[in-house]
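Chemist: Handing you a structure now.
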């Protein structure tokens, strides 16, 4: 979620009033804003997407709730100590959190372990351990519409009789100390992005948020006029008309068996009716195609922790496979491929399969990704129910990612096309009229230059390096992962360095290359990549021959509040994942909206950005998905590129020989070995096209006016990538609710018959 203060002032239309009031107290608002901690309660794009969605849902007047875990420790703080990433705990609640309100009156029990008893009245889950879920509510204000939604985050609490209720030996002190075991559930965020780690505590977290949330949703449903109680038993027929639940990846997949457990075991609905309601309620968004990221929980673990849920999953699977077998008799391989249970070695539950079978809609997050989902990853399921599969291209909120972070540009746009674009970003197309307006071109360039000067002074303060603000700011910020190919950027840096040293008198377009992002603590290769970038930076930044022509900076502790500083100052946005690996990307959209040009592959939302702006207005290079598939078919041989490309050979030889690590010459042997022998993401295959494309970038940068014209064309084409557009599509195609532009009356105005005019709406 990042910081809340400035976002709240903007959405409430109070920023100028607050700035003025604080100024009159002799204080500086910007200084105050810098004191607030980021709420870093997620990993990378997936968590930030949810935050943008909350802003858009409130702005569109949807009755929507965001549910999650109130981690005591969020994503770790990253320190760089002599080139290496070191993790520190993110004690973000140390000084308290003024935006949250604890709601002990809505505390709910969550059960773990135990066993299942089959009785005449049905299955009973007994002898469980109970953990309490305490909700904390954070307001989510819409933009200038007097709507405030709620983000409800659950915190784990031990019941007061914890470890004391059972035949107790009398060790009272130890029993109280053991309360920590239960409360550890919400202690810390697992810091993996695009990687599955099958730990028991993580499964507990996933079930904890799901069980508390479903109880909360059902309580609210029963309290409403729709949850009519006939002879004490609630009628759930209208449940899917009143409730829509969107599963953000498979992490909350246990919601499917949990809702079935509630309907069948507790509410005593017949299985078929319960299953029909469940499917109508859930929809699943897939966020990655990387096999190592797909959640596959060991059956033994689920059986121990959630024995009733395992039985329900088996029953779902049995009925699912019976259906497949009736359609495809004797096709045992299809049954194996489509089963929710993976046999062979340790039996595992494929959570993506569970989500697909238990949902009425499945979507990818960019057109190319949704195609890959349909034709490759979940091909069998898409052939069975093609109508279930959709696309919903991701978006970003223009409130945080333009108004808040780039007020200069936002104001300039408003001067030309009015202020309405903030709620309807498609209006940015009106900027096409000004592509040839010399004054506007100069003003856009001036805003960018001011942002660069400001960020350069921030860098000089934080990193003690002199930055040339007229150099091209070439920025690559995102989680560190092999598929995102920070290594390819690093090879380009080394290539530029070698070219400068080879011919120092040559005209070279000065660059400041900024790379930032966190590596999962257990991801060895990602940590080596950070060390390599820092080692290269040390050599480049201290070579007098290079001077101010090339500077390399590794941005420490990349997070939302730092993104808000670097993105508006960026000239060139690096979006260089191997085609077919980045589901969408959202940073790419933030840079586009903030006046950077993109160098990128035809991957994720880059494809649609090129479609909107015209491919000639992005720097597109490298293999397409088809080329990657073809290369896989014939076998990728890294050696041939090394042999054929002298500059690539030189760069690799320097890394290998210890040119960048004199004290430890074979420090990077693992990295080099990976690049030659098991590089799944084919860095060498795109190196030549990348370097050539970068030459075209430098050439255009020399012509400031032509560069800025291209920038304006990009901003004018960025309208599609508002999360408002994304959420309208979810609302209409999946949740079946109508977004409303109505500004509800402020609380100090009488509401008259406003209640009667409010359209009936489903809560999402």
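In this note's numbering, the protein residues as written are 6 to 769.
Glycine included, C-beta positions come from ideal geometry on N, C-alpha and C.
As the structure is a computational prediction, the values presented were derived from the model and not from experiment.
Need the endpoints of the beta strand (DSSP E) that residue 83 sits in, please.
Modeler: Here residue 83 refers to the residue found at position 78 of the chain shown. Looking at the DSSP string, the run of the beta strand (DSSP E) that includes residue 83 is 82-86.
Chemist: In the DSSP assignment, find the alpha helix (DSSP H) that holds residue 303 and state where it starts and stops.
Modeler: Working through the chain shown from its first residue, we reach residue 303 at position 298. Run containing residue 303: none in the alpha helix (DSSP H); it sits in the beta strand (DSSP E), 301-303.
Chemist: With DSSP as the reference, please indicate the residues paired to residue 89 in a beta bridge.
Modeler: On the chain shown, residue 89 is found 84 positions in, with the first residue counted as 1. According to DSSP, residue 89 bridges with 86.
Chemist: Looking at the unbroken beta strand (DSSP E) that takes in residue 579, where does it start and where does it end?
Modeler: As a first step, residue 579 must be located in the chain shown, where it is residue number 574. Per DSSP, residue 579 belongs to the beta strand (DSSP E) from 577-580.
Chemist: What is the rounded straight-line gap between the Cα of residue 316 and the Cα of residue 527?
Modeler: Reading the chain shown from its first residue, position 311 is the one you call residue 316. Reading the chain shown from its first residue, position 522 is the one you call residue 527. Rounded to the nearest angstrom, the two C-alpha atoms are 33 Å apart.
Chemist: Thinking C-beta only, is residue 479 closer than 8 Å to residue 518?
Modeler: Here the question's residue 518 lines up with position 513 in the chain shown. Here the question's residue 479 lines up with position 474 in the chain shown. It is a contact, given that the beta carbons lie within the stated cut-off.
Chemist: Write down the C-beta distance between residue 192 and residue 167 rounded to the nearest angstrom, noting that I regard them as a contact closer than 8 Å.
Modeler: Counting from 1 along the chain shown, the entry for residue 192 is found at position 187. Counting from 1 along the chain shown, the entry for residue 167 is found at position 162. Actually they do not touch by this definition, with Cβ atoms about 16 Å apart.
Chemist: Do three or more CB pairs link the segment 471-489 to the segment 522-538 at distances below 8 Å?
Modeler: The segment 471-489 is in contact with the segment 522-538.
Chemist: Could you say if the segment 718-737 and the segment 120-130 meet the contact criterion of at least three C-beta pairs nearer than 8 Å?
Modeler: Contact between the segment 718-737 and the segment 120-130 is absent, because fewer than three Cβ pairs lie under 8 Å.
Chemist: Closest by CA to residue 48, which one among 138, 256, 217 and 123?
Modeler: Here residue 48 refers to the residue found at position 43 of the chain shown. Comparing Cα-Cα distances from residue 48 to each of 138, 256, 217 and 123, the minimum goes to 256.
Chemist: Throw me the rounded Cβ distance for the residue 155 and residue 144 pair, which I believe falls under 8 Å.
Modeler: Taking the first residue of the chain shown as 1, we reach residue 155 at position 150. Taking the first residue of the chain shown as 1, we reach residue 144 at position 139. That belief holds up - the Cβ atoms of residue 155 and residue 144 are roughly 7 Å apart, short of 8 Å.
Chemist: In terms of DSSP beta bridges, what is residue 556 paired with?
Modeler: Taking the first residue of the chain shown as position 1, residue 556 is located at position 551. Paired residue(s): 517.
Chemist: Across which residues does DSSP place residue 160 in a beta bridge pair?
Modeler: Position 155 of the chain shown, counted from the start, is the residue given in the question as residue 160. DSSP output for residue 160 lists 139 as bridge partner(s).
Chemist: For residue 170, which three-state DSSP category applies?
Modeler: Translated into positions along the chain shown, residue 170 becomes position 165. If DSSP states are grouped into helix, strand and coil, residue 170 belongs with coil.
Chemist: Nearest to residue 108 by alpha carbon, out of 75, 99, 123 and 125?
Modeler: On the chain shown, residue 108 is found 103 positions in, with the first residue counted as 1. When only C-alpha atoms are compared, the closest one is 75.
Chemist: What three-state label does DSSP hand residue 130 in the structure shown?
Modeler: Here residue 130 refers to the residue found at position 125 of the chain shown. Three-state DSSP puts residue 130 in a strand.
Chemist: Measuring straight from C-alpha to C-alpha, what distance separates residue 217 and residue 116?
Modeler: On the chain shown, position 212 is the one that residue 217 refers to. On the chain shown, position 111 is the one that residue 116 refers to. Between residue 217 and residue 116, the C-alpha separation is close to 10 Å.
Chemist: Kindly list the residues whose CB is nearer than 6 Å to the CB of residue 362, restricted to its own chain and excluding five residues on each side of it in sequence; keep chain order.
Modeler: Against the chain shown, residue 362 aligns to sequence position 357. For residue 362, where only same-chain residues beyond five positions count, the Cβ hits under 6 Å are 325.
Chemist: Assign residue 211 to one of two classes, buried (16 or more other C-beta atoms within 10 Å of its C-beta) or exposed (fewer than that).
Modeler: Counting from 1 along the chain shown, the entry for residue 211 is found at position 206. By the 10 Å Cβ count, residue 211 comes out buried.
Chemist: Starting from residue 604, trace the beta strand (DSSP E) in both directions and tell me its first and last residue.
Modeler: Taking the first residue of the chain shown as position 1, residue 604 is located at position 599. Run containing residue 604: 602-605, per the beta strand (DSSP E) assignment.
Chemist: Using DSSP with H/G/I as helix, E/B as strand and the rest coil, what is residue 615?
Modeler: Mapped onto the chain shown, residue 615 falls at position 610. Correct three-state label for residue 615: helix.
Chemist: Keeping to the same chain, check which residues put their C-beta closer than 8 Å to that of residue 715; ignore five residues upstream and five downstream.
Modeler: Translated into positions along the chain shown, residue 715 becomes position 710. Cβ neighbours of residue 715 beyond the five flanking positions: 602, 622 and 705.
Chemist: Distance, Cα to Cα, residue 620 vs residue 577?
Modeler: As a position in the chain shown, residue 620 is number 615, starting the count at 1. As a position in the chain shown, residue 577 is number 572, starting the count at 1. Whole-angstrom Cα-Cα distance: 16 Å.
Chemist: Output the distance between the C-alpha atoms of residue 383 and residue 369, rounded to the nearest integer angstrom.
Modeler: For the purposes of this step, residue 383 is taken as residue 378 along the chain shown, with counting starting at 1. For the purposes of this step, residue 369 is taken as residue 364 along the chain shown, with counting starting at 1. So the alpha carbons of these two residues sit roughly 11 Å apart.
Chemist: For the putative contact between residue 588 and residue 367, defined by C-beta atoms under 8 Å, what is the C-beta separation to the nearest angstrom?
Modeler: If you number the chain shown from 1, residue 588 lands on position 583. If you number the chain shown from 1, residue 367 lands on position 362. Not really, about 13 Å apart at Cβ, beyond 8 Å.
Chemist: Identify whether residue 13 lies in helix, strand or coil by the three-state DSSP scheme.
Modeler: Translated into the one-based positions of the chain shown, residue 13 becomes position 8. It is helical.
Chemist: Can you name, in chain order, every residue of its own chain whose Cβ lies under 8 Å from the Cβ of residue 677, other than the five neighbours on each side?
Modeler: Counting from one through the chain shown, the residue named residue 677 turns up at place 672. Answer for residue 677: 657, 660 and 661, listed in chain order.
Chemist: Reducing DSSP to helix, strand and coil, say where residue 324 ends up.
Modeler: Taking the chain shown and counting its residues from 1, one reaches residue 324 at position 319. If DSSP states are grouped into helix, strand and coil, residue 324 belongs with the helices.
Chemist: Give me, in chain order, the residues of the same chain whose beta-carbon lies closer than 6 Å to that of residue 774; leave out the 5 immediate sequence neighbours on both sides.
Modeler: This structure leaves residue 774 out entirely; the chain is present only between 6 and 769.
Chemist: Grab me the residues of residue 584's own chain with a C-beta within less than 6 Å of its C-beta, minus the 5 sequence neighbours each way, in chain order.
Modeler: Here residue 584 corresponds to residue number 579 of the chain shown, with the count starting at 1. 606, 607, 608, 628, 629, 630 and 633.
Chemist: Just to confirm, is the Cβ distance from residue 1 to residue 245 under 8 Å?
Modeler: With the chain represented from 6 up to 769, any question about residue 1 goes unanswered, as that position is not in the structure.
Chemist: What does the alpha-carbon distance come out to for the pair residue 298 and residue 30?
Modeler: Here residue 298 refers to the residue found at position 293 of the chain shown. Here residue 30 refers to the residue found at position 25 of the chain shown. Residue 298 and residue 30: Cα-Cα distance of roughly 51 Å.
Chemist: For residue 355, which residues does DSSP report across the bridge?
Modeler: By 1-based counting over the chain shown, the position of residue 355 is 350. Residue 355 pairs with 301.
Chemist: State the Cα-Cα distance for the pair residue 505 and residue 648, rounded to the nearest angstrom.
Modeler: Looking up residue 505 in the chain shown gives position 500. Looking up residue 648 in the chain shown gives position 643. Rounded to the nearest angstrom, the two C-alpha atoms are 23 Å apart.
Chemist: When DSSP builds the beta bridges, which residues end up paired with residue 399?
Modeler: Position 394 of the chain shown, counted from the first residue, corresponds to residue 399. Residue 399 pairs with nothing; no bridge assigned.
Chemist: Just the Cα atoms here: how many angstroms apart are residue 262 and residue 300?
Modeler: Position 257 of the chain shown, counting from 1, holds the residue named residue 262. Position 295 of the chain shown, counting from 1, holds the residue named residue 300. Looking at the two C-alpha atoms, the distance is approximately 16 Å.
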